[in-house]
Each structure stands twice: as structure tokens, then as C-alpha cells.
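Chemist: If you read the sequence shown in full-length UniProt numbering, its first letter stands for residue 1, the second for the next number, and so on. Ideal placement from N, C-alpha and C gives every residue a C-beta, glycine not left out.
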Amino acid sequence: MTVKTTVQPTARLIEVFSAIQGEGLNVGTRQIFLRFALCDLRCHFCDSAHTWNAPATCRIERSPGLRDFEIHSNPVPLPMLLQWVERQNLPCLHDSISLTGGEPLLHAAFLKEFLPQVRSLTKLPIYLESGGHRPEQLAMILPYLDSVGMDLKLPSVSGESLWQEHTKFLQLCADSHLNTFVKIIIAENTNPAELEHSAAMVADISPDIPVFLQPVTPLPASAQLTEMPVLAPTPEKVLTWQALMKQFIPQVRVIPQTHKMLDQM
Ligand code: SF4
Numbered sequence: 001m002t003v004k005t006t007v008q009p010t011a012r013l014i015e016v017f018s019a020i021q022g023e024g025l026n027v028g029t030r031q032i033f034l035r036f037a038l039c040d041l042r043c044h045f046c047d048s049a050h051t052w053n054a055p056a057t058c059r060i061e062r063s064p065g066l067r068d069f070e071i072h073s074n075p076v077p078l079p080m081l082l083q084w085v086e087r088q089n090l091p092c093l094h095d096s097i098s099l100t101g102g103e104p105l106l107h108a109a110f111l112k113e114f115l116p117q118v119r120s121l122t123k124l125p126i127y128l129e130s131g132g133h134r135p136e137q138l139a140m141i142l143p144y145l146d147s148v149g150m151d152l153k154l155p156s157v158s159g160e161s162l163w164q165e166h167t168k169f170l171q172l173c174a175d176s177h178l179n180t181f182v183k184i185i186i187a188e189n190t191n192p193a194e195l196e197h198s199a200a201m202v203a204d205i206s207p208d209i210p211v212f213l214q215p216v217t218p219l220p221a222s223a224q225l226t227e228m229p230v231l232a233p234t235p236e237k238v239l240t241w242q243a244l245m246k247q248f249i250p251q252v253r254v255i256p257q258t259h260k261m262l263d264q265m
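#1: Among I97, L38, T240 and R30, which residue has its Cα nearest to the Cα of G131?
#2: So what does DSSP say about T217, is it helix, strand or coil?
#3: For the beta strand (DSSP E) containing Q31, name the first residue and the last one.
#4: Hey, out of F45, P91 and L219, whose CA is closest to G159's CA?
#5: Could you check where the beta strand (DSSP E) with I185 kicks off and where it finishes?
#6: State the DSSP-derived secondary structure class of T100, mapped to helix, strand or coil.
#7: Looking at the secondary structure, which residues open and close the beta strand (DSSP E) in which E15 lies?
#8: Pull up the distance between the alpha-carbon of P256 and that of E194, whole angstroms please.
#9: Could you please give the first and the last residue of the uninterrupted alpha helix (DSSP H) stretch that includes V202?
#10: Ignore the nearest five residues each way along the sequence and tell me which others in N191's own chain have a CB closer than 6 Å to its CB.
#11: Could you check what DSSP says for T10 in three-state terms: helix, strand or coil?
#12: With a floor of 4 residues, list each alpha helix (DSSP H) that falls wholly inside the stretch 140-168, ordered by position along the chain.
#13: Across the stretch 83-102 and the stretch 59-66, are there enough close Cβ pairs to call them in contact, namely three or more that are closer than 8 Å?
#14: The ligand SF4 heavy atoms versus the CB of R134: any closer than 8 Å?
#15: With distances taken from CA atoms, which of V182, V202, S147 and P207 is nearest S176?
#16: Collect the residues with a C-beta less than 5 Å away from any heavy atom of the ligand SF4 and give them in sequence order along the chain.
#17: Counting C-beta neighbours from all protein chains within 10 Å, is the total for D151 16 or more, i.e. buried, or is it exposed?
#18: Give the straight-line distance between the Cα atoms of T6 and K123, rounded to the nearest whole angstrom.
#19: In the DSSP assignment, what residue or residues form a beta bridge with V211?
#20: Express the C-alpha separation of T10 and N189 in angstroms, rounding to a whole number.
#21: Have a look at A200 and L99 and give me their C-alpha separation to the nearest angstrom.
#22: Within 10 angstroms of the Cβ of K246, are there 16 or more other Cβ atoms? Answer buried if so, exposed if not.
#23: If we ignore side chains and look at the alpha-carbon of each, how far apart do P135 and D40 end up?
#24: Return the residue from the list L178, T57 and E196 that minimises the CA-CA distance to P77.
#25: Going by DSSP, what residues sit across from F69 in a beta bridge?
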């Protein structure tokens, strides 16, 4: 006799909370943030290095925006996460749910089960924030997404080189007609040739995809990940680089991390 066992889907989380989105196309909107643990990249400017490894516990906000966190063990079973999201979802408050990290696509198998359920429970649109380097995992959950913010990692700034992966990833988003944008962190040492290459790549896939240039928020000395600190670009360079990219694509906007200005999470 074969005994059938059902494995309960689980996720490794960092935190769940309600906050104002500070970056990209959804800037200023209110979201329920699900921050997943684990990342397989090591960007020099990373402000979420605490997500690289899965902690034994995660913190879960009880009431949206009140920062009244409870501590729970990892990994988290799917029904429990659904309950926490439902608790956050007060009428009329949130515009969407943000899947962030870390790299949320490292949890693609979990998300494939979780997203249809959380969508039908909350009726909120689902926004994915990703490093844009795992197209196979993206394909697994594409039908359940409404919008995607893809980080395009410039080798000169991030230390990562992912051109082929980014191209495949962005093409998948465009083919699925998702509301998609590209975010590029720029720093003092950005190589303009990489910006030109990025703009040409986006234009080739769809010139309608907006690009957000995000001047890096320098990390405090204690959190620096490389010997050479990643510094913000000068105002002159930002103007020059925006003009350079606009030769290829019409929508190139410059927006820093606004949540940090507002002292938000
Ligand atoms: S992809 Fe995001 S979380 Fe991962 S190292 Fe880069 S900035 Fe950090």
C-alpha cells in the first residue's frame, strides 16, 4: 500500500508589515510588505544584507503601521501567512501586496501555491520586486502577478553581471503584459556604457517600459560591504545619464529612496 503524504508549503520570512512604498512606479502607495529571506546575489550597495541568510525567527506586525511586531518561528506554514495578511488588510487601506526580500523568487514553489489564495482572499493586486535574474522561477508565478519591478544590476555598481538573465526576465514580463518597470541603482562610479547598454536592451524589448534611475543611498560606514564605499553620483552626472538613456527610451525618471527621507521602513 502506498501512503500519500502531503507536504505543507512553507516560506522563510524576515518580516510582514504595512508601509509606504518608497521606490519606483508604486512610490507613495500603501502596501502590505512580505519580506522573504534568502538572496543569491551580493550587490555592493545592498541595504538588506540581513536577508541573505534565513533567520530562525521572523517579525510580524499585528496592526498595519503600528510596528507592534510579534516574533514567530521560521519556516512559516502557508495558512499562517494568509492569516497575517488578512489581519493587515483593513478596508480601503492598502493598494497592493509587495513581495520583496531578499529574492522572493527563491520561494517560487511556495508562491505558486500562496499567490492565488492571497489574491482571492484580499482582492489586492500583487507586486513583485526582484533582482531580475531568475526567469524560470518568474515563469512559475507569472499568472498570479499584476506588476513587476525588475532591478537591473549594473556590473560597475553592483558587482553582478546578469545581462542575459535580465533580458529573458524582462521579455517574459513584456510578453505577459504585466505592469513592468526597471530600476537601476546609480552611483558615482557608474559606467555610462552600461547605462547605454541597459537602455538599448529595454528599448529592444519594449520602449514603453519605464526606467527609474535610483541614486544610491550610501550605507553607513559600519554596514559597508566593500572596501571602496559606494557613493552617490554628482547632480551633473545624474543629468547627463538621464539624457543619455532618453535617446533610447522615453520614460527615464530619477527617484531616490523616498521612504528613507520620510524615516519609514
Ligand atoms: S538582490 Fe537585493 S537583497 Fe540581494 S544582494 Fe542585491 S540588493 Fe541585496
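Modeler: Working from what's here:
#1: L38
#2: coil
#3: R30 to F36
#4: F45
#5: N179 to I186
#6: strand
#7: L13 to I20
#8: 20 Å
#9: P192 to I205
#10: S156
#11: strand
#12: 155-158
#13: yes
#14: no
#15: S147
#16: C39, L41, C43, C46, S48 and G131
#17: buried
#18: 27 Å
#19: V182 and V252
#20: 40 Å
#21: 28 Å
#22: exposed
#23: 14 Å
#24: T57
#25: E61
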